[in-house]
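Notes for the one structure printed next.
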Amino acid sequence: MNKYVINFPQEIVENPILSETILETGVLLNILRAKVDYNEGTIVVSIMGDEETQKKVVDLLRKKGVVVNKLKKSIVNEEEKCVSCGACIAVCPAGAISFTKDKDIVVEKEKCHRCGVCVEACPRRSLSIQQFE
Amino acid sequence: MKTIEEINEKIRRGEAVVVRADEMPDIYEENPKKAAVDVDIVTTGTFGMMCSSGAFLNFGHSDPPIKMNRVWLNDVEAYAGIAAVDAYIGATQLSEEKGFEYGGGHVIEDLVSGKEVYLRAEAYGTDCYPRKKAETSITLKDVNQAMLFNPRNAYQRYNAATNSSDTILRTYMGTLLSNKRNVNFAGTGEINPLSNDPEYRTIGFGTRIFLAGAQGYVTGEGTQHNPKTGFGNISVKGNLKEMSEEYLKGATVPGYGTSLFVGLGVPIPILDEDMARRTAVRNRDIHVRILDYGVQRRDRPLVKEVTYEELFSGKVDLGGKTVRSSPLSSMKISVKIMKELAGWIEDKKFFLTAPLEPLPKDTVVKVMKPRRDVPFVEDVMTKKVITAQSTDALSKVSELIISHGIDQIPVVDREGRLEGIVTAWDLTKALATNKKKLQDIMTKKVITSRKGEYIDAVARRLGKHQINSTPIVDSEGLLIGIVTSSDVNKYLERR
Ligand code: SF4
Ligand code: SF4
Numbered sequence: 848m849n850k851y852v853i854n855f856p857q858e859i860v861e862n863p864i865l866s867e868t869i870l871e872t873g874v875l876l877n878i879l880r881a882k883v884d885y886n887e888g889t890i891v892v893s894i895m896g897d898e899e900t901q902k903k904v905v906d907l908l909r910k911k912g913v914v915v916n917k918l919k920k921s922i923v924n925e926e927e928k929c930v931s932c933g934a935c936i937a938v939c940p941a942g943a944i945s946f947t948k949d950k951d952i953v954v955e956k957e958k959c960h961r962c963g964v965c966v967e968a969c970p971r972r973s974l975s976i977q978q979f980e
Numbered sequence: 109m110k111t112i113e114e115i116n117e118k119i120r121r122g123e124a125v126v127v128r129a130d131e132m133p134d135i136y137e138e139n140p141k142k143a144a145v146d147v148d149i150v151t152t153g154t155f156g157m158m159c160s161s162g163a164f165l166n167f168g169h170s171d172p173p174i175k176m177n178r179v180w181l182n183d184v185e186a187y188a189g190i191a192a193v194d195a196y197i198g199a200t201q202l203s204e205e206k207g208f209e210y211g212g213g214h215v216i217e218d219l220v221s222g223k224e225v226y227l228r229a230e231a232y233g234t235d236c237y238p239r240k241k242a243e244t245s246i247t248l249k250d251v252n253q254a255m256l257f258n259p260r261n262a263y264q265r266y267n268a269a270t271n272s273s274d275t276i277l278r279t280y281m282g283t284l285l286s287n288k289r290n291v292n293f294a295g296t297g298e299i300n301p302l303s304n305d306p307e308y309r310t311i312g313f314g315t316r317i318f319l320a321g322a323q324g325y326v327t328g329e330g331t332q333h334n335p336k337t338g339f340g341n342i343s344v345k346g347n348l349k350e351m352s353e354e355y356l357k358g359a360t361v362p363g364y365g366t367s368l369f370v371g372l373g374v375p376i377p378i379l380d381e382d383m384a385r386r387t388a389v390r391n392r393d394i395h396v397r398i399l400d401y402g403v404q405r406r407d408r409p410l411v412k413e414v415t416y417e418e419l420f421s422g423k424v425d426l427g428g429k430t431v432r433s434s435p436l437s438s439m440k441i442s443v444k445i446m447k448e449l450a451g452w453i454e455d456k457k458f459f460l461t462a463p464l465e466p467l468p469k470d471t472v473v474k475v476m477k478p479r480r481d482v483p484f485v486e487d488v489m490t491k492k493v494i495t496a497q498s499t500d501a502l503s504k505v506s507e508l509i510i511s512h513g514i515d516q517i518p519v520v521d522r523e524g525r526l527e528g529i530v531t532a533w534d535l536t537k538a539l540a541t542n543k544k545k546l547q548d549i550m551t552k553k554v555i556t557s558r559k560g561e562y563i564d565a566v567a568r569r570l571g572k573h574q575i576n577s578t579p580i581v582d583s584e585g586l587l588i589g590i591v592t593s594s595d596v597n598k599y600l601e602r603r
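Which chain is which? The protein sequence lines are A and B, in order.
Every number in the working numbering is 847 more than the matching position in the first sequence, counting from 1.
Every number in the working numbering is 108 more than the matching position in the second sequence, counting from 1.
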């Protein structure tokens, strides 16, 4: 299972694309978030099944004229909240967090495997795992 | 030799030489005598979570008036057992609704940032104060006085923490991974205020300081001030209305509670060569003991003694293993405090005061002795443990469980080292799933305990992991006993 964000252009916003896709592929989609108005729509779905099944669904959706992108998760530090205390550094199993020369905090997103240990350990609640397009 | 008055005169003339505590060691090393003459003031700083912090607030009188006997600010109770509309909001008091995520420290941060805070008060009503309930929103501007008064701040030194136990611990020293996989440490080392004047020659009652962006004062020794072991600290006071949100930040210590990050800086006058030498202290000169928080006792065992230099390097060697170390205080903001304080002095906005009374150097810290002593694991554990070996037949193990009327059996190797634990439930499940080997059905990650631990710590562990017993092992991993929840309950009932 993976999460995807689907963008509908104006022309087809009224077509029942999702239902059609479910019927045609027999693969279940879960709608997690939707924002649709007369002009355009953005829907976040999770597509069940393995990579191959997911690809089938994505290909079909694209054929129907919508833009589909996989959602990526990433660790984010809200700098206004962070006090650069360092409580998140040594607990990170990936060694993804460190100080800069000026004692600011940097999180290397590529190294992070999103275990969430730092999120829990941060006294300022400034770290979170967020999803991106 | 210089006096504080002479230094203040230099400040007035704009001639005072101010350096930061991290710059002083090199200046001193180059020429100690010259450093003592040239440098007038060394600024120090710290920014860390200081639980013993809070603020006295006076809300003003309503009509009809109320004598509050309980009061909440954003759902966090403040102590109202003083005059009618006075209260003390403490940093560690938790929100009744949000728990660990919001507490007194956050209320103080919100006040200082100018936010509205919701006040709710209750009273029993008197002839002179008839009102029984009050609800309103307040801001820092609305209250009459707001005094930050912290009974214990800025310890001279700290211990560092690691955790030898097999479960992750959430402590006031931050998150401690199992099996000594990280080290957390507090304090700012060579720039820490009291480390730069360890004999308390210039710090005491009446010393003017930088307190959270305002000019505050030392009000004497702090609680648990322990000068003989080098654990001195100060109590401080300042006007919350003049402070800056940058230096007062609410904190959530996971699994522990809430606190308040406090920014504090002390100017150290360089009166003579002795003070120059004191302020030239380096991270490598300050020793820190790493203690084992895996042992839940007041006196925690020493794991290793290191220096701040090692701790700040981010890596510490613990028994041949390189372990990452993290600070819990912000060096970035501490350095900023030293600079800001130096700037105030250079701008002739801040003058030094000589302490009216020095910090005491001979107080000792007493401990609390609860009426009934809490027993240790070794007092309640069963020493003769029924054990099995991983090669034993399941039928034999089942028989042991039935004949001894027990629920679980620790599995040991030939030397008696703990390998796992198997419960009656595991055996039933094995029957259903047709598993034959003890090795395949036993739990290998066993929650163990040590004999020197308090029974309360074990009770907490059993509850946390929802297990019925915990094998007791020694430092070699040899099984030496077992404590079951009924052993624990027997003791708890007696209490
Ligand atoms: S623990 Fe939180 S506040 Fe502290 S440095 Fe890390 S992200 Fe910043
Ligand atoms: S989520 Fe885990 S891996 Fe990622 S930065 Fe935080 S602690 Fe490190």
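Where a beta carbon is used, it is the ideal one built from N, C-alpha and C, also for glycine.
Given the structure is predicted, the values throughout are model-derived calculations rather than measurements.
How would you list, in chain order, the residues of chain B whose beta-carbon sits under 8 Å from the beta-carbon of residue i?
i	result
A:Lys-950	Ser-438, Met-439, Lys-440 and Val-443
A:Glu-955	Ordered by position in chain B, no residue passes the 8 Å Cβ test against A:Glu-955, which lies about 15 Å from the chain.
A:Ser-931	Ser-438, Met-439, Lys-440 and Ile-441
A:Arg-972	Glu-209 and Thr-360
A:Ala-968	Gly-282, Thr-283 and Pro-362
If you count every other CB in all the chains shown that lies within 10 Å of the CB of residue i, and 16 or more means buried, which is it?
i	result
A:Gln-977	exposed
B:Val-475	exposed
B:Lys-423	exposed
A:Ala-881	exposed
B:Ala-501	exposed
B:Gln-264	buried
B:Lys-545	exposed
A:Asn-916	exposed
B:Val-473	exposed
A:Val-904	buried
B:Pro-463	buried
A:Lys-948	exposed
B:Glu-204	exposed
B:Thr-270	buried
B:His-512	exposed
A:Pro-970	buried
B:Arg-525	exposed
A:Leu-870	exposed
By the criterion of Cβ-Cβ separation under 7 Å, what are the contact partners of residue i in chain B?
i	result
A:Val-938	Thr-283, Leu-285 and Asn-290
If contacts are defined as beta-carbon pairs under 8 Å, then residue i and residue j qualify, I think. What distance do you get, rounded to the angstrom?
i	j	result
B:Val-220	B:Ala-195	Not really, about 17 Å apart at Cβ, beyond 8 Å.
A:Arg-972	A:Lys-920	The pair is not a contact, with the Cβ atoms about 18 Å apart (cut-off 8 Å).
B:Ile-149	B:Ile-453	6 Å
B:Ser-352	B:Ala-199	The pair is not a contact, with the Cβ atoms about 17 Å apart (cut-off 8 Å).
B:Arg-679	B:Pro-140	Any question about residue 679 of chain B goes unanswered here, given that chain B covers just 109 to 603.
B:Thr-275	B:Ile-555	7 Å
B:Thr-430	B:Glu-329	Going by Cβ atoms, the distance from B:Thr-430 to B:Glu-329 rounds to 39 Å, so no, they are not a contact pair.
B:Thr-387	B:Ile-378	7 Å
In chain A, which residues lie less than 7 Å from residue i when you measure between Cβ atoms?
i	result
B:Met-351	Chain A residues near B:Met-351: none, gap ~16 Å exceeds 7 Å.
B:Pro-56	Residue 56 of chain B cannot be examined here, being either before or after the span of chain B that is shown, 109 to 603.
B:Met-157	Pro-970
B:Pro-140	Residues of chain A passing the Cβ test: none, with the nearest at roughly 29 Å.
B:Lys-357	Val-930 and Arg-971
B:Phe-369	Val-930
Chain A partners of residue i, CB-CB under 9 Å?
i	result
B:Arg-100	The structure shown does not extend to residue 100 of chain B, since chain B is modelled only from 109 to 603, so the question has no answer here.
Report the neighbours of residue i on chain A: residues whose CB is nearer than 8 Å to its CB, in chain order.
i	result
B:Lys-412	Neighbours of B:Lys-412 on chain A: none; closest Cβ ~15 Å, over 8 Å.
B:Met-489	Chain A residues near B:Met-489: none, gap ~32 Å exceeds 8 Å.
B:Pro-306	Simply none; closest approach about 25 Å.
Does residue i have its Cβ less than 7 Å from a Cβ in chain C?
i	result
B:Glu-350	The question asks about chain C, but that chain is absent: this structure's protein chains are A and B.
Is there contact between the segment 191-211 of chain B and the segment 159-171 of chain B, where contact requires at least three CB pairs shorter than 8 Å? Verdict: yes, contact present.
Does the segment 371-378 of chain B come close enough to the segment 439-448 of chain B to have 3 or more Cβ pairs within less than 8 Å? In this structure the segment 371-378 of chain B lies against the segment 439-448 of chain B, because at least three pairs of beta carbons, one per stretch, are closer than 8 Å.
Could you say if the segment 425-438 of chain B and the segment 931-949 of chain A meet the contact criterion of at least three C-beta pairs nearer than 8 Å? Inter-segment contact for the segment 425-438 of chain B and the segment 931-949 of chain A is present: three or more beta-carbon pairs are separated by less than 8 Å.
How about the segment 286-298 of chain B and the segment 311-323 of chain B: do they share at least three Cβ pairs that are nearer than 8 Å? The segment 286-298 of chain B is not in contact with the segment 311-323 of chain B.
Would you call the segment 350-364 of chain B and the segment 117-131 of chain B touching, i.e. three or more CB-CB distances under 8 Å? Judged by pairs of C-beta atoms under 8 Å, the segment 350-364 of chain B does not touch the segment 117-131 of chain B, as fewer than three such pairs exist.
Please confirm if the segment 538-553 of chain B is in contact with the segment 562-571 of chain B, defined as three or more CB-CB distances below 8 Å between the two stretches. Contact fails: fewer than three Cβ-Cβ distances are below 8 Å.
At least three beta-carbon pairs within less than 8 Å, the segment 121-133 of chain B to the segment 149-161 of chain B: Yes: the two stretches touch, three or more of their Cβ pairs being nearer than 8 Å.
Meets three-Cβ-pair contact criterion under 8 Å: the segment 517-527 of chain B and the segment 492-500 of chain B: Taking 8 Å as the limit for Cβ pairs, the verdict is that the segment 492-500 of chain B does touch the segment 517-527 of chain B.
Counting Cβ pairs, one atom from each stretch, are 3 or more of them under 8 Å apart for the segment 393-404 of chain B and the segment 222-239 of chain B? Here the segment 393-404 of chain B makes no contact with the segment 222-239 of chain B; the two share fewer than three CB pairs at distances below 8 Å.
Does the segment 250-261 of chain B come within contact of the segment 406-422 of chain B, defined as at least 3 CB pairs closer than 8 Å? Counting Cβ pairs under 8 Å, fewer than three are found: no touch.
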